[in-house]
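Reviewing the structure listed below.
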Amino acid sequence: DQQVKQNSPSLSVQEGRISILNCDYTNSMFDYFLWYKKYPAEGPTFLISISSIKDKNEDGRFTVFLNKSAKHLSLHIVPSQPGDSAVYFCAASSNTGNQFYFGTGTSLTVIP
Amino acid sequence: EPEVTQTPSHQVTQMGQEVILRCVPISNHLYFYWYRQILGQKVEFLVSFYNNEISEKSEIFDDQFSVERPDGSNFTLKIRSTKLEDSAMYFCASSELVRRSGTQYFGPGTRLLVL
Chain W
680 DQQVKQNSPS LSVQEGRISI LNCDYTNSMF DYFLWYKKYP AEGPTFLISI
730 SSIKDKNEDG RFTVFLNKSA KHLSLHIVPS QPGDSAVYFC AASSNTGNQF
780 YFGTGTSLTV IP
Chain Y
3 EPEVTQTPSH QVTQMGQEVI LRCVPISNHL YFYWYRQILG QKVEFLVSFY
53 NNEISEKSEI FDDQFSVERP DGSNFTLKIR STKLEDSAMY FCASSELVRR
103 SGTQYFGPGT RLLVL
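Here the protein sequences line up with chains W and Y, keeping their order. Each residue of the first sequence is one higher than the one before, starting from 680 at the first, in the numbering used here. Each residue of the second sequence is one higher than the one before, starting from 3 at the first, in the numbering used here.
This is the structure:
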């Protein structure tokens, strides 16, 4: 039951370039979306969120875009830095509960 | 900066044994969660806890699992009789507010291995 999908298990990007991480969801009841970053041996760290009433949210180098009709969201990191190398999870929830559904993660490597 | 802590970092146990995973949430947070991640798979929600009771649980959280806030600081997850498939990384999280406006802060996890 994969309600949230991250179809790219890994991504490599040159330092300074843009990283684009993608996430798709199937449940039309989802109305709140988050991105988490995870380093090895650490728990996920909140990065950025977006509510379904918006289609874009920006925080410094990180921007999340939401396309509700396509049930798709993406995280843009620009410019990418080597310290951004981590596993990125997208997560979603609906207003019917406080459970988050996570994707399987995308491992980002930023090459110096 | 306040953080969620978890102990132990690693636990190895025999199938059928009981394990207790411990978490100390951030002190002013009111909502607590357990998630697990089986190796190579997605992070899965187990349970949320508020006001000394379970507020939501997933299908994974069956009768073998229980949670407790035994005192003002700890939040525990007990697995009564472990199975091989319980081997996973278990993450505790806490938030000041529920879900939407409350970012969930995660602990570093406990890696549980059931033999």
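In this text, a Cβ means the ideal position worked out from N, Cα and C, and glycines have one as well.
Anticipated Cβ contact below 8 Å, residue i with residue j, distance rounded
i                 : j                 : result
Val624 of chain W : Leu787 of chain W : Limits of chain W in this structure are 680 at one end and 791 at the other, which puts residue 624 of chain W out of reach.
Val766 of chain W : Leu752 of chain W : Between Leu752 of chain W and Val766 of chain W the Cβ distance is about 17 Å, and since that is not below 8 Å, they are no contact.
Phe63 of chain Y  : Gly722 of chain W : Not really, about 19 Å apart at Cβ, beyond 8 Å.
Val26 of chain Y  : Thr7 of chain Y   : 5 Å
Gly18 of chain Y  : Ser83 of chain Y  : 5 Å
Asp738 of chain W : Ser698 of chain W : Actually they do not touch by this definition, with Cβ atoms about 15 Å apart.
Residues bridged to residue i [DSSP beta-bridge criterion]
i                 : result
Asn746 of chain W : W:His751
Leu114 of chain Y : Y:Gln13 and Y:Ala90
Arg38 of chain Y  : Y:Glu46 and Y:Tyr92
Gln8 of chain Y   : Y:Cys25
Ile790 of chain W : W:Gln693
Within chain Y, the residues that residue i reaches when beta carbons sit closer than 9 Å
i                 : result
Phe781 of chain W : Tyr37, Gln39, Lys44, Val45, Glu46 and Phe47
Same chain, Cβ closer than 6 Å to residue i, five either side skipped, listed in chain order
i                 : result
Ser68 of chain Y  : Lys80
Thr775 of chain W : none
Val14 of chain Y  : Leu115
Tyr711 of chain W : Ser730 and Ser772
Same chain, Cβ closer than 8 Å to residue i, neighbours up to 5 away in sequence not counted
i                 : result
Gln778 of chain W : Ser772
Arg696 of chain W : Val757, Pro758 and Ser759
Ser11 of chain Y  : Pro110, Gly111, Thr112 and Arg113
Lys735 of chain W : Ile729, Thr742, Val743, Phe744 and Leu745
Lys717 of chain W : Pro723, Thr724, Ala765, Val766, Tyr767, Phe768 and Gly784
Asn76 of chain Y  : Arg24, Cys25 and Val26
Contacts around residue i, its chain only, beta-carbon distance under 7 Å, and the 5 residues preceding and following it disregarded
i                 : result
Pro72 of chain Y  : Thr78
His139 of chain Y : There is no way to answer for residue 139 of chain Y, as the model of chain Y reaches only from 3 to 117.
Per-residue contacts from residue i into chain W (C-beta, under 7 Å)
i                 : result
Gly111 of chain Y : Gly722
Contact list for residue i against chain W, beta-carbon separation under 9 Å
i                 : result
Thr105 of chain Y : Leu713, Phe725 and Ser728
Phe108 of chain Y : Tyr715, Lys717, Glu721, Gly722, Pro723, Thr724 and Phe725
Phe93 of chain Y  : Gly722 and Pro723
Interface partners of residue i on chain Y, CB under 7 Å
i                 : result
Phe768 of chain W : Val45
query: When you check each C-beta in the segment 718–736 of chain W against every C-beta of chain C, which residues fall closer than 8 Å?
result: Note that chain C does not occur in the displayed structure, where the protein chains are W and Y.
Start-end ranges of the beta strand (DSSP E) lying completely within the segment 691–778 of chain W, minimum 3 residues: 698–704, 709–717, 724–730, 735–738, 741–746, 751–756 and 765–773
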